[in-house]
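Below is one structure, written out as structure tokens; comments come after it.
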Amino acid sequence: MAVNSLREYLDLLDTTGWLRSFDQPVSWDLEASAATMLANIRDGPVPVFESIAGIETESKLVGDPYRGPQTRPWDHFAQALGFPSGLSGCTYYDRVIARLNRTKAPRTVASHRAPCKETVRTGTEVDLLSFPWPYIHEGDGGRYSNHHTIVAPDPDTEWGTWSSHRMMIHDSSQASLLLLAGEQVPNRYYYDYEPRGEPMPVAVVIGAEPTVESTADMWIPTGRSEAAFAGGLKNAPVDLVQCETNDLYVPATAELVLEGHVRPDDRLDEGPFGDYFGYMNGPRRSMPVFEVDAITHRHEPRLPFCVEGSGVGYGQNSTSTLRLVAAGPDATVGLRAAGFDVAMAVPWRFTSRTVWVIATDRPYPGYLHELANFIFTTWGMLHIDFFVFVDAAVDPLDPRAVLTAIALEADPDADFHQFGVERMPKVPLNIYQTPDEKGSADVGTSKAKTAKAYIDATTDGDATDTTATAETRKRAQERLVEAGLDAARFDRLDEREGKSQ
Amino acid sequence: MSSHYITSTDHLPEEAQAETTLQITDAQTKRIFETRVRIAKDPAELTDPEPLTIVAGPHESVSETRYVELLDETDATGIDHELVAHLAAEQETASNILNTRSDDLKVLLQYLVETGEYESTADALREVAFDHLATERPALLDAYAEVRREPDDDPLRRVLGKQE
Numbered sequence: 344m345a346v347n348s349l350r351e352y353l354d355l356l357d358t359t360g361w362l363r364s365f366d367q368p369v370s371w372d373l374e375a376s377a378a379t380m381l382a383n384i385r386d387g388p389v390p391v392f393e394s395i396a397g398i399e400t401e402s403k404l405v406g407d408p409y410r411g412p413q414t415r416p417w418d419h420f421a422q423a424l425g426f427p428s429g430l431s432g433c434t435y436y437d438r439v440i441a442r443l444n445r446t447k448a449p450r451t452v453a454s455h456r457a458p459c460k461e462t463v464r465t466g467t468e469v470d471l472l473s474f475p476w477p478y479i480h481e482g483d484g485g486r487y488s489n490h491h492t493i494v495a496p497d498p499d500t501e502w503g504t505w506s507s508h509r510m511m512i513h514d515s516s517q518a519s520l521l522l523l524a525g526e527q528v529p530n531r532y533y534y535d536y537e538p539r540g541e542p543m544p545v546a547v548v549i550g551a552e553p554t555v556e557s558t559a560d561m562w563i564p565t566g567r568s569e570a571a572f573a574g575g576l577k578n579a580p581v582d583l584v585q586c587e588t589n590d591l592y593v594p595a596t597a598e599l600v601l602e603g604h605v606r607p608d609d610r611l612d613e614g615p616f617g618d619y620f621g622y623m624n625g626p627r628r629s630m631p632v633f634e635v636d637a638i639t640h641r642h643e644p645r646l647p648f649c650v651e652g653s654g655v656g657y658g659q660n661s662t663s664t665l666r667l668v669a670a671g672p673d674a675t676v677g678l679r680a681a682g683f684d685v686a687m688a689v690p691w692r693f694t695s696r697t698v699w700v701i702a703t704d705r706p707y708p709g710y711l712h713e714l715a716n717f718i719f720t721t722w723g724m725l726h727i728d729f730f731v732f733v734d735a736a737v738d739p740l741d742p743r744a745v746l747t748a749i750a751l752e753a754d755p756d757a758d759f760h761q762f763g764v765e766r767m768p769k770v771p772l773n774i775y776q777t778p779d780e781k782g783s784a785d786v787g788t789s790k791a792k793t794a795k796a797y798i799d800a801t802t803d804g805d806a807t808d809t810t811a812t813a814e815t816r817k818r819a820q821e822r823l824v825e826a827g828l829d830a831a832r833f834d835r836l837d838e839r840e841g842k843s844q
Numbered sequence: 006m007s008s009h010y011i012t013s014t015d016h017l018p019e020e021a022q023a024e025t026t027l028q029i030t031d032a033q034t035k036r037i038f039e040t041r042v043r044i045a046k047d048p049a050e051l052t053d054p055e056p057l058t059i060v061a062g063p064h065e066s067v068s069e070t071r072y073v074e075l076l077d078e079t080d081a082t083g084i085d086h087e088l089v090a091h092l093a094a095e096q097e098t099a100s101n102i103l104n105t106r107s108d109d110l111k112v113l114l115q116y117l118v119e120t121g122e123y124e125s126t127a128d129a130l131r132e133v134a135f136d137h138l139a140t141e142r143p144a145l146l147d148a149y150a151e152v153r154r155e156p157d158d159d160p161l162r163r164v165l166g167k168q169e
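Respectively, the protein sequence lines represent chains H and D. The numbering used here numbers the first residue of the first sequence as 344 and each following residue consecutively. The numbering used here numbers the first residue of the second sequence as 6 and each following residue consecutively.
Below, the structure is given as structure tokens:
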């Protein structure tokens, strides 16, 4: 059975030794993020900072709660979904894909039954600075909330649209939101509300339950509700409750909800911010202003945050893990729905959104080009620069297998393909474009475009079967475990949905 | 309140001027706000100098230190709400007659009256001034409207409140 809240998820981590509570006061000013970054790099337990130095608050900070173990990043999220422990990555993907194909509509609950309404602050009681928002990197433009779900109106769905856009705190009631045009919520603001001179109602949901949090990393088709996909993933409806000051509905078990509106024709500074590539990223931008009208929260709210930049290389963090455990299966569902018979689409670990690996058959010549063309022209491809296509039998979650496929199967002359030069949009958060190429970056993509590419690392001819039978491999691995090797090193000891892996 | 502030070179006025409205970040609390300040390279030029780190460059990785003196704190719109409230309170017991001397303005306003656009020069001046403020200084009008809405600033309600 899946967990219903961030708290239940943290309790689950605690029972398996993956949670570490700090009772001694820790500062929101770089200290909490530094400790979290060390945990991310060293594969340590998820830190919970129970006492915040220099501020009287009942709130607690949680550093990168969804980070998974470096060797098996899906393990924690699999537990949150109620799956048995020890699943291989491929089996985990199969099970998540099955759930995403069975969406479940949310259900509404009354305010008095919603934990996120245990405390309600409106009017003069609204004070953003009474919460310990972390100052995450030296050189950031301000304190940030960057691990949340934003709920905005959507005329095509009953429950609004959900996404994630980082938020820089300015004062007691104002923050700037990084709204880059091209994505659904920013488009709603830039092309709908602002031209009409209307404020756009918004709720920033902090510490939502795991399946809600994961939908922000998925590509949910326009007109479909993220709430229904979160329910499918959870295998139970997500409870929603109406906001106090607008008509939006928010996840009822969330730790904290900021209700407010994005003002038309108004901008505040946003950034610089130490971004997901691991570098300080400027310039500071003029971004839309979120004004808070009400704050509701649970007692002793847990405020999760992500140390962006620590999810590259061997380190994992919440966003790099959620990409792997949620965006990957979701993309696989999307490609199959479009008629492509892919086995798995997986963000390649260590590359921080830049590279994806797609395991697929190649039924006819030109198929991979069609597939790449479909992806680059359909998805939100601002973050992704290239794909690696491997055979369906290659495990895209296994970096060694992918590198082997590139080394053995990718012909430098024929298998490296580029989609034109400087034609594709690029999110202005990358580090290889100069400030001039990025342009003013007030909204949308970089001024200068970039190229997209893919590597065909699939076998060209009939594959030579050099592997032992699945049964033999499984037996060999069992012998190695009996001999004392760590079972966690092998991810093929389970059965993958009816067929031996 | 901190004793150290940060701003971006983008926010500095193009021409060197001692006093300006500036967006600054409190280095201790990271609160970001606008305020009237005096800036100087030499702290001796200021009465109550605090260090001001000015960050520059595409990733704000370059910085220099100047000195700043905070004059009064305004909100993001640059409006000093306390001053608006103070002036509104003062006006409750003051004359509401405005005096100005200008032959040119008198001729122009009189023209608007003679052509039937307004009934009097006072009427014309009120309308033109309010229209101008609504267009050019909407934040100031909003701040004043907010002050006017506050019950405490209504003498009638205050008196009634004391009687209860």
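Glycine included, every Cβ here is placed at the ideal spot set by N, Cα and C.
Proximity test, Cβ basis, 7 Å: D:H9 and chain H | Using a CB distance cut-off of 7 Å, D:H9 does not count as an interface residue toward chain H.
For the region 127-141 of chain D, which residues have a beta carbon sitting closer than 9 Å to at least one beta carbon of chain H?
none
**Asked** For H:R645, which of H:T596, H:N444, H:T703 has the nearest alpha-carbon?
**Response** Closest option to H:R645, Cα to Cα, is H:T596.
Nearest to H:A378 by CA position, among H:P778, H:V745, H:T697, H:N660, is which residue? H:N660
Exercise. For H:R628, which beta-bridge partners are listed by DSSP?
Worked result: H:E613
Measuring alpha carbon to alpha carbon, tell me which of H:A688, H:I701, H:H640, H:D618 ends up nearest H:P458.
H:H640
Would you list, in chain order, the members of the region 54-88 of chain D that have their beta-carbon closer than 7 Å to a beta-carbon of chain H? Residues of the region 54-88 of chain D whose Cβ lies closer than 7 Å to any Cβ of chain H, in chain order: P63, H64, E65, S66, A81.
Next on the checklist: Just to confirm the assignment, what range does the alpha helix (DSSP H) spanning H:I384 have?
Outcome noted: 374-385
Proximal residues to D:I84 (C-beta, below 7 Å), its chain only, five neighbours per side dropped: A144, L145, A148
Could you give the C-beta distance for H:S488 and H:V391, rounded to a whole number, given that I count them as a contact under 8 Å? About 17 Å separates the two Cβ atoms, so there is no contact after all.
ask   = Under 9 Å Cβ-Cβ, which residues of chain D neighbour H:D470?
value = Simply none; closest approach about 11 Å.
What would DSSP say about H:V770, mapped onto helix, strand or coil? coil
Outcome for H:R368 when other beta-carbon atoms lying within 10 angstroms are tallied against a minimum of 16:
Residue 368 of chain H is actually Pro in this sequence, not Arg. Exposed.
Query - H:L521 versus H:I493: straight-line alpha-carbon distance, rounded - result: 11 Å
*asked:* Against chain D, does H:D514 count as a neighbour if the rule is that its beta carbon must be under 7 Å from one of theirs?
replied: H:D514 belongs to the set of residues whose beta carbon lies under 7 Å from a beta carbon in chain D.
Roughly how many angstroms separate the alpha carbons of H:S376 and H:R456, rounded to a whole number? Note on geometry: alpha-carbon atoms of H:S376 and H:R456 lie some 34 Å from one another.
*Taking only runs of the beta strand (DSSP E) that begin and end inside the region 491-561 of chain H, which ones reach a length of at least 3 residues, in chain order?*
Entirely contained in the region 491-561 of chain H, the beta strand (DSSP E) runs reaching 3 residues are, in chain order, 491-495, 504-506, 510-512, 517-520, 543-549.
Beta-carbon contacts of H:Y409 that lie in its chain and below 6 Å, excluding the five residues immediately before and after: The residues S661, T664, L665, in chain order, have a CB closer than 6 Å to that of H:Y409 in the same chain once the five nearest residues on each side in sequence are set aside.
Between which two residues does the alpha helix (DSSP H) carrying D:D109 extend? Boundaries of the alpha helix (DSSP H) harbouring D:D109: 108-119, taken from the DSSP string.
D:V89 to D:L76 span [Cα, whole Å]: 16 Å
**Study point:** Alpha-carbon to alpha-carbon, H:P529 and H:P477
**Key:** Rounded to the nearest angstrom, the two C-alpha atoms are 24 Å apart.
Can you tell me which of the three DSSP states H:V786 falls into?
Low confidence applies to H:V786: its pLDDT is 49, below 50, so where it sits in the model is not reliable, and the reading given next is rough at best. Reduced to three states, the DSSP call for H:V786 is coil.
Original post:
Using the rule of at least 16 other Cβ atoms within 10 Å of the residue's Cβ for burial, across every protein chain shown, is H:M561 buried or exposed?
Top reply: buried
request  = Taking H:F572 as part of the beta strand (DSSP E), name the residues at either end of that continuous run.
outcome  = Premise fails: H:F572 lies in the alpha helix (DSSP H), 569-577, not in any beta strand (DSSP E).
Taking buried to mean at least 16 other C-beta atoms within 10 Å of its own C-beta, is H:K842 buried or exposed? Legend: pLDDT at H:K842 = 46, less than 50; position of this residue unreliable, value from coordinates given subsequently. Its Cβ having fewer than 16 others within 10 Å, H:K842 is exposed.
Which residues in the same chain as H:V786 place their Cβ atom closer than 8 Å to its Cβ, once the five residues preceding and following it in sequence are excluded? Bear in mind that the predicted position of H:V786 carries a pLDDT of just 49, short of 50, making it too unreliable to give a figure here.
Reference H:L583; option with closest CA among H:F474, H:E552, H:T565, H:R610 = When only C-alpha atoms are compared, the closest one is H:E552.
Beta-carbon separation of H:A830 and H:V824 under 7 Å? Going by C-beta atoms, H:A830 is nearer than 7 Å to H:V824.
### Task
Confirm, please, whether the CB-CB distance from H:F693 to H:T801 is below 7 Å.
no
Do H:A637 and H:T451 have their beta-carbon atoms positioned less than 7 Å apart in this structure? no
- Which residue or residues does DSSP assign as beta-bridge partners of H:S695? Looking at the DSSP assignment, H:S695 forms no beta bridge with any residue, so it has no partner.
Mapping the DSSP letters down to three states, classify D:Q28 as helix, strand or coil. strand
Exercise. Should H:E598 and H:L349 be called a contact, given that it needs their Cβ atoms to be closer than 7 Å?
Worked result: yes
inquiry  = For D:E65, report the span of its beta strand (DSSP E) as first-last.
reply    = Note, D:E65: premise wrong, no beta strand (DSSP E); not H, not E.
Using three-state DSSP, classify D:K46 as helix, strand or coil.
-> coil
Exercise. Under a three-way DSSP split, which group does H:T815 fall into?
Worked result: helix
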